[in-house]
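Chemist:
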Amino acid sequence: MKQVTTTTTTPAVELQDVTRSFGSTLALDQIDFRMSGGEVVALLGPNGAGKTTLVRILLGLIRADHGRVHLWGRSPTHGYARRRVGVMLQVGRVPEVLTVREHVHLFSSYYGSPIPVDQVVAMAGVREFAGRRFGALSGGQRQRALFALAICGNPDLLVLDEPTVGLDVEARREFWSGVHAMMGRGCSVLLTTHYLDEADAVAHRVVMLKRGRVVANASPAVVKASVAGRRVRCITSVPGDVIRTIPGVTSVTPDRDGVVALTNDAEHLARELLNRDPGLRDLDIASVGLDEAFLTLTGGSHVATVRA
1 MKQVTTTTTT PAVELQDVTR SFGSTLALDQ IDFRMSGGEV VALLGPNGAG KTTLVRILLG
61 LIRADHGRVH LWGRSPTHGY ARRRVGVMLQ VGRVPEVLTV REHVHLFSSY YGSPIPVDQV
121 VAMAGVREFA GRRFGALSGG QRQRALFALA ICGNPDLLVL DEPTVGLDVE ARREFWSGVH
181 AMMGRGCSVL LTTHYLDEAD AVAHRVVMLK RGRVVANASP AVVKASVAGR RVRCITSVPG
241 DVIRTIPGVT SVTPDRDGVV ALTNDAEHLA RELLNRDPGL RDLDIASVGL DEAFLTLTGG
301 SHVATVRA
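Be aware that the sequence shown starts at 1, since it is given in the working numbering, and climbs by one per residue.
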């Protein structure tokens, strides 16, 4: 069960009216965003929505053109704030000649109250290759090693940018076990991911960006409930353009060898499809998931904002 453990009355993260442009491109447009202590937030959005820019501003790597950015009431560049943040970015570079354990020892020395090295190695699932040089690791092993470096300082905020890309099923399971261990210590987690099942499973709250603006800021359940209707999947000879004309259908997308339609009247759609295609097969009707909500909220001309 996802439960927030509040560790402080001061927000761990607070962005107010944050705007940032790159030339004529508006990357972030008046962003308001807060995180409480112990909260897990999934930052979602299509490519180019502004996720990376928001994370870089939050970490003090770049400045906002306008607005306020605070970590525990301080500037992200303040030493007090920086020592309380652990970061795992998509591109992480460390010396390749040092072993994983040597890296953990080195990074731990930067912090006042680090987690013991052996405990970090266990939590990050890197014990089997802790004595191997970083340059000799596979892509998935490098991801797990970088996670070890992100948590070794015992952070109060963990920023994970697409952390499970390149990990197999077992490695992903071990990774999330480590994240849950940090959550158990009261650590807040800000996660960006394209794996929406992960966001749905671990996040207390989902923040969706579209073209630099927030279009959803609520729990996964509220976000999913905001998209009315049901999900109908089947394999049919009826073209997608024709399915879109059936009353109640709000969207149609291909799905492997079948098609997925969102509709306000699943029973009517099923009857219509069966009437038009007696050979229809693998019909499945289900509630809308976070992936369908994501496509609805971040695609097309959607303009309403979903909030808790």
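Cβ atoms here follow ideal geometry from the backbone N, Cα and C, with glycine treated the same way.
Taking the beta strand (DSSP E) that residue 274 falls in, what are its first and last residues?
Modeler: Sequence index remark: in the sequence shown, residue 274 carries index 274 (1-based). No beta strand (DSSP E) contains residue 274, which is instead part of the alpha helix (DSSP H) from 266-276.
Chemist: Residue 216 and residue 158 look like a contact to me (Cβ under 8 Å); what is the Cβ gap, rounded to whole Å?
Modeler: Here residue 216 refers to the residue found at position 216 of the sequence shown. Here residue 158 refers to the residue found at position 158 of the sequence shown. In fact, because the Cβ distance is near 22 Å, the residues do not count as touching under 8 Å.
Chemist: My output table needs one value for residue 96: the three-state DSSP class, helix, strand or coil.
Modeler: As a working note, residue 96 is residue 96 in the sequence shown. Reduced to three states, the DSSP call for residue 96 is coil.
Chemist: Kindly confirm or deny that the region 28-47 and the region 7-16 touch, where touching means at least three C-beta pairs closer than 8 Å.
Modeler: The region 28-47, when compared against the region 7-16, does touch it at the 8 Å Cβ threshold.
Chemist: Enumerate, from N- to C-terminal direction, the unbroken beta strand (DSSP E) stretches of 3 or more residues contained entirely within the region 30-102.
Modeler: DSSP runs (the beta strand (DSSP E)) wholly in the region 30-102: 40-44, 66-71 and 85-88.
Chemist: Please list the segments of the beta strand (DSSP E) lying wholly inside the region 191-270, counting only runs of 3 or more residues, in order along the chain.
Modeler: For the region 191-270, whole beta strand (DSSP E) runs of length 3 or above, ordered along the chain, are 205-210, 213-218, 230-235, 249-255 and 258-263.
Chemist: Skipping 5 residues on each side, what residues in its chain have a beta carbon closer than 6 Å to that of residue 123?
Modeler: The count along the sequence shown starts at 1 and reaches residue 123 at position 123. Correct list, in chain order: 178 and 181.
Chemist: Can you tell me whether residue 170 is buried or exposed? The criterion is at least 16 other CB atoms within 10 Å of its CB, across all chains shown.
Modeler: As a working note, residue 170 is residue 170 in the sequence shown. Residue 170 should be labelled exposed.
Chemist: Using three-state DSSP, classify residue 137 as helix, strand or coil.
Modeler: As a working note, residue 137 is residue 137 in the sequence shown. Three-state DSSP puts residue 137 in coil, outside helix and strand.
Chemist: Where does residue 115 sit, in a helix, a strand or coil, going by DSSP?
Modeler: Within the sequence shown, residue 115 is the residue found at index 115, counting from 1. Note: residue 115 maps to coil in three-state DSSP.
Chemist: Which residues in the same chain as residue 97 place their Cβ atom closer than 7 Å to its Cβ, once the five residues preceding and following it in sequence are excluded?
Modeler: As a working mapping, residue 97 is identified with position 97 in the sequence shown. Excluding sequence neighbours, residue 97 sits near 133 and 135.
Chemist: Where does residue 12 sit, in a helix, a strand or coil, going by DSSP?
Modeler: The residue labelled residue 12 in the question sits at position 12 within the sequence shown. Note: residue 12 maps to coil in three-state DSSP.
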